[in-house]
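Working notes, structure below.
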Amino acid sequence: MTADIPRLFTIAPDRRFLEVLAAAVLKGFPYTDGRTPGTLDLARWTILLPTRRAVRELEDIFFRKTGGSGVLLPRIRPLGDIDEDLLQPEHGVDELGTPVSVPGQLLLLMDLIDEWAAAHPATRLAQEIAAAPHQAGGLAQSLAELLDALETEDVEVAKIADLYGLESARHREAILEFLAIAREKYPQRLAEENAMGPQARRSAILRREAKRLEFTRTERPFIAAGSTGSIPATCTLLKAIAGLANGAVVLPGLDQFMDEASWTAIGPTHPQHAMKQLLARLNATRQMVAEMGDAPGPRAWLASELMRPAETAHLWHGALKGQEARVAGAMQGVELVETRSIPEQAVTAALILRECLETPGRSACLVTPDRQLARRVKVELQRWNITINDSAGEPLIRFGGASLLNLLLEALLQDFAAEPLAALLRHELAIFGLSQEEARHHASLIELALLRTGTGAPEIGKLSHALRIATEKDNRRALPLAVKHVTDPQWEATIAQARRISEVLAPLTAGAPNTLAEHLDRLAAACEAIAGEAFWAGDGSEELSDAFALLKQESRFLKHCDLQRTAAILRHWLHGLPVRSQSHNPTPLSILGLLEARLIRADVMVLAGLNEGTWPGAADCGPWLNRPMRDVLEMKQPEAQIGQTAHDFVQAFGNRHVKLLWSRRIGDSPGTPSRWLHRLQMILETAKLKEQFATSPWPQMARNLAAPAEVRPTPMPKPRPAVALRPKALSVTRIEKLIRDPYAIYARFVLQLEPVKPVSSVPDPARRGTIFHDAIGDFLTQFPKDLPVDAAAELEHHGRQHFRQIDDYPGLVSFWWPRFRRIAAWMAEKEPGWRAGIERVVAERNGAIKFPVAGTDFSLTCRVDRIDLMADGSARIVDYKTGGVPSTREVEVGLAPQLTLQAAILARGGFSDVNPTQTGQVWYVKLSGGNPAGEVKELKKLDPPVMELAEKHFAELQKLLAKYASVGQPYYPRTIMKKEDDPSDYDHLSRFQEWSLSGGKA
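The end of the sequence shown is residue 1003 by this note's numbering, with every number in the run present.
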């Protein structure tokens, strides 16, 4: 090559790119005089590569090839990390402004969006931003992506004004008005700060480096390898390098097989499109590009045919005619793997990677653009205790202090509601000054006593007070069985911990700051108080500290920032920052992104996610610029990205052993194989090889992993505990459970298992019912005969007494108290009529009778809401319901025997201070607190009448209990549920879903 001809080279896609490059450098490339570098000479070389991963890999290759000692390696750098200290003032370095970081750019754009919204209050978007300021974060992110694209493609933002000449819909005109932020305000603010956007500065540095090389005309070897020059600034640098006497540009996989007609027809979606444009900008042709290493093999030829442009597809059959053996040779080592679903694809990929470890020293790479799939594969490998090197790392938000901060933000945003508060207290770093073991114990007690009781969470500042109220002896009956063993000193220690929690968290709810820096300081102080020094320690600690420092430094760009906006900013940044393992992983397995894999080789390459919409992704213009707008601005259309991913596919496809994975279904939708797989299958069909590559054993092996050796239907459980273990006392409400779901009685009273309520901020109707019942009961007990002058006021007085137990739950009080007041007014109106013919009222009274069952006494207990003792000697039993009311038919057939069994107990003198009395009426009174506040359901048409029905149900109960007094009677689950799909508290224990679906009923 003469000095006027650019020094261009290529390495075929089926050759080991970095190995070939390293071997050539060690022989003196790009020198042309045949001299071989000595031990110290390699330090004169500069090699630029597209990614840091490629840099590390090439360094390792040089170490291996040189023996690893006594050699100074070349200066190998990622292409985007040109050292600024090489640039001199005469090269324009002084013109470079201060770099704006990525978060700084976002904060600056958010501030500009705020200004725009304030200046355009009548627009709908401005109103939405004013109503929810944190939405500006999403808009800023989208605008930043647009600005990065403009800066990357060297499009001046002022050109946005050219779009006004287009005919467009009204909403597009509104978008253009909004884009004035990018066109005018953003450059203005950058100028005021003497700063440059991140992509603009990167491009400027690349251009300055190109200018430096053109100015110095260095004689030292300078190589740029692996780049396609898709970015204009990169293209400028490559042109400068190619023009050096000892410079060289090494292209990855330039297609030398393609006929000229196909080369001319190449479009943006073709893998060679970027390099075709690069060659045009370098005033070069394919013929000027020299081949490095061995000549391209059959796989490179197959890739070329696979990617033939649609315009010359009619030449396909001619090109493939008589090439069956060549196709078969190219397909040696290629396997097509079709899976049923994404989860199956993950297991399949994990199996392939696992198999590679059977051969010592064998390496394998998983290449996919789908991060969710990559994470699935990592999880699947853990079943064999295999750790894979993941170049993308894991989001910072999943680690230590960052995850604690995320939970704190969520709890703070929800005003410390039950679910986020419980999640925060359960975090391993949430110790609040105690040891981790002590903190976990106290967190469990707080959760059980306060957050799993159906009242949600108290005010965070009143956490200890609410806990003291809940653990008073009179209130402990409402606590779960799991904490009944806790002693008074243990509760006092937990109350003290609750006080410490309040002291740390309560100040966060008062006097919210108005700037991001103040929020960051406040949150960091709170996290330090929660976790101590551990907040800044452990995995991800360095990244977390850097994130706080950077956000605080760049917070100057954003004038106003509330809590919601702070949370959105922090979460976005914590999700976006990767944490990569610093520990050495000897496993020769790795996960790579598409660009990273371009120059990397392994013994086995697993290309996963080869579905349309994933690899390649869908062409998306973005929210701001449609296709005509992009044409006006001379920007690339989104199809160019498909061409880049196609090139990445071809490079990986050139590996000796390749597995191509895709799924027939993605979620609930059908999946379409990648267009490149379709073309490959067409080539195989033309070569009469499709059947040979139609099936793969890997998916079936993946399915076999989860397949049981033998499928045996799980039978319905039929526990038959010893008679001595069976309950000898049940309440009337438990009798209904014994009838409908005997297994629940077995689990509760034989196994001593009590369901724990879920952590929930949704009020529990049962807790509301308890408070309402107790208040009404106290009122009726105080006034058993004559009503007070103002019955409603008295009811409210008793209500306030019982509402004191939830005073620390203001949201709950504000929701339930108005309902209770409406109930009090309604009862005050109805009570005089109800009292007609009544001698006295007995309320909230316990009752019990004993009777023999199979030679052993059995106690039937109850707690009656109200008994009206009538002047004629009869009684009326009333049950208050804050939930559903049984139907008359359910009462008659004995499926809802609560009131009839209470009548039987009353008839047998089971209530203290009440003589045996026959019941003449039974009522259900539904208390909703709505409109109307209450409703009376008198069971007037019972057949037979109340007492006959009561005696009948009592006799049937005795027979039922006699059956359960025999060891041969099992406790069946779910015998007569109200609805077939009604849940039971013990469905998980009885494995209901399993035996009901597997036919286990039989």
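Note that the Cβ used here is the ideal one computed from N, Cα and C, for glycine as well.
Are the CB atoms of Leu405 and Ala423 nearer to each other than 8 Å?
In this structure, Ala423 does not lie closer than 8 Å to Leu405 by Cβ.
Quick one: is Cys622 buried, meaning 16 or more other Cβ sit within 10 Å of its Cβ, or exposed?
Counting Cβ neighbours within 10 Å, Cys622 comes out exposed, since fewer than 16 surround it.
Using CA atoms only, rank isn't needed, just tell me which of Thr734, Met606 and Gly778 is closest to Glu845.
If we check each option's Cα against that of Glu845, Gly778 comes out closest.
Identify the residues that DSSP records as bridge partners of Tyr925: which are they?
Asp880 and Lys938, per the DSSP bridge assignment.
By Cβ distance below 7 Å, which residues in the same chain neighbour Val968 in space, the five residues on each side in sequence not counted?
Correct list, in chain order: Arg721, Ala723 and Val724.
Can you tell me the Cα-Cα spacing of Ile592 and Asp649, whole angstroms?
The alpha-carbon atoms of Ile592 and Asp649 are separated by roughly 15 Å.
Rank Glu429, Gly394, Gln583 and Glu448 by C-alpha distance to the C-alpha of Phe417 and give the top, closest one.
Nearest C-alpha to Phe417: Glu448.
With which residues is Phe993 paired in a DSSP beta bridge?
Paired residue(s): none; Phe993 is not in a bridge.
Which residue's Cα is closest to the Cα of Ala729: Phe852, Pro764 and Asp808?
Residue identity check: residue 729 is Lys in the sequence provided, not Ala. Among Phe852, Pro764 and Asp808, the Cα nearest to that of Lys729 is on Phe852.
Write down the C-beta distance between Arg309 and Trp317 rounded to the nearest angstrom, noting that I regard them as a contact closer than 8 Å.
6 Å between Cβ atoms; contact.
What are the boundary residues of the alpha helix (DSSP H) that Gly401 is part of?
That run of the alpha helix (DSSP H) goes Gly401 to Leu414.
What number of angstroms, rounded off, separates the C-alpha of Val790 from the C-alpha of Val842?
So the two alpha carbons sit approximately 17 Å from each other.
In this structure, how does DSSP classify Leu87 when only helix, strand and coil are distinguished?
Below a pLDDT of 50, predicted positions are generally treated as unreliable, and Leu87, at 49, falls in that range; the measurement from the model is reported next regardless. Reduced to three states, the DSSP call for Leu87 is helix.
Between the stretch 276-292 and the stretch 37-53, are three or more C-beta pairs nearer than 8 Å?
Output reads no: the stretch 37-53 does not touch the stretch 276-292.
Along the chain, where does the alpha helix (DSSP H) that runs through Thr782 open and close?
That run of the alpha helix (DSSP H) goes Pro766 to Gln783.
Starting from Phe536, follow the alpha helix (DSSP H) in both directions and report where the run begins and ends.
Phe536 -> no alpha helix (DSSP H), and no H or E assigned at all.
Quick one: what does DSSP say Asp669 is sitting in, helix, strand or coil?
Asp669: coil per DSSP, three-state reduction.
I'd like the ranges of any alpha helix (DSSP H) spanning at least 4 consecutive residues and lying wholly in the stretch 854-919.
Within the stretch 854-919, the complete alpha helix (DSSP H) runs of at least 4 residues are 889-894 and 899-908.
Between the stretch 892-906 and the stretch 942-961, do three or more beta carbon pairs fall short of 8 Å?
Output reads yes: the stretch 942-961 touches the stretch 892-906.
Please state if the CB of His576 and the CB of Pro396 are separated by a distance shorter than 8 Å.
Yes.
Report the option in Arg523, Ala23, Ala450 and Arg36 whose CA atom is closest to the CA atom of Thr67.
That would be Ala23, whose Cα lies nearest to the Cα of Thr67.
Do Val879 and Lys938 have their beta-carbon atoms positioned less than 8 Å apart in this structure?
Cβ distance not < 8 Å, so Lys938 and Val879 don't count as in contact.
Can you tell which of Trp302, Glu336 and Val335 has the C-alpha that lies nearest to the C-alpha of His324?
Correcting the residue type first, residue 324 is Gln in the shown sequence and not His. Closest option to Gln324, Cα to Cα, is Trp302.
Would you give the residue range spanned by the beta strand (DSSP E) that Trp677 belongs to?
Per DSSP, Trp677 belongs to no beta strand (DSSP E); it is in the alpha helix (DSSP H), Arg676 to Thr687.
Do you know whose CA, among His274, Asn247, Ala246 and Val250, lies nearest Met259's CA?
When only C-alpha atoms are compared, the closest one is His274.
Please report how far the alpha carbon of Thr588 lies from the alpha carbon of Pro698, in whole angstroms.
About 25 Å.
Closer than 8 Å, CB to CB, is Glu146 near chain C or not?
Here chain C cannot be found, since the structure has a single protein chain.
Once DSSP output is grouped into helix, strand and coil, what is the label at Ser546?
Correct three-state label for Ser546: helix.
Spatial neighbours of Gly541 within its chain, please: C-beta separation below 6 Å, excluding the five flanking residues on both sides.
So the list reads Leu397, Phe400, Gly401, Ala403 and Val580, once near-sequence residues are dropped.
Assign Asp86 to buried or exposed, taking buried as 16 or more other Cβ atoms, counted over all protein chains shown, within 10 Å of its Cβ.
At Asp86, the pLDDT of 48 sits below 50, so the modelled position is not reliable; the number obtained from the coordinates is stated separately. Exposed, by the Cβ-count rule.
Using the C-alpha atoms, what's the distance from Val651 back to Pro75?
Rounded to whole angstroms, Pro75 to Val651 spans 29 Å at the Cα level.
So Thr495 and Leu446 are supposed to be a Cβ contact under 8 Å. How far apart are they, rounded?
The pair is a contact, with the Cβ atoms about 5 Å apart (cut-off 8 Å).
Quick check on the DSSP output: the alpha helix (DSSP H) that includes Glu1067 runs from which residue to which?
This structure does not reach residue 1067, given that the chain is present from 2 up to 1003, and the question cannot be answered.
Taking only three categories from DSSP, how would you classify Ile267?
Reduced to three states, the DSSP call for Ile267 is coil.
In angstroms, rounded to a whole number, what distance separates the CA positions of Ala849 and Val763?
Roughly 35 Å between the two C-alpha positions.
Going by the CB atoms, is the gap between Leu307 and Leu681 shorter than 8 Å?
Yes. Within cutoff.
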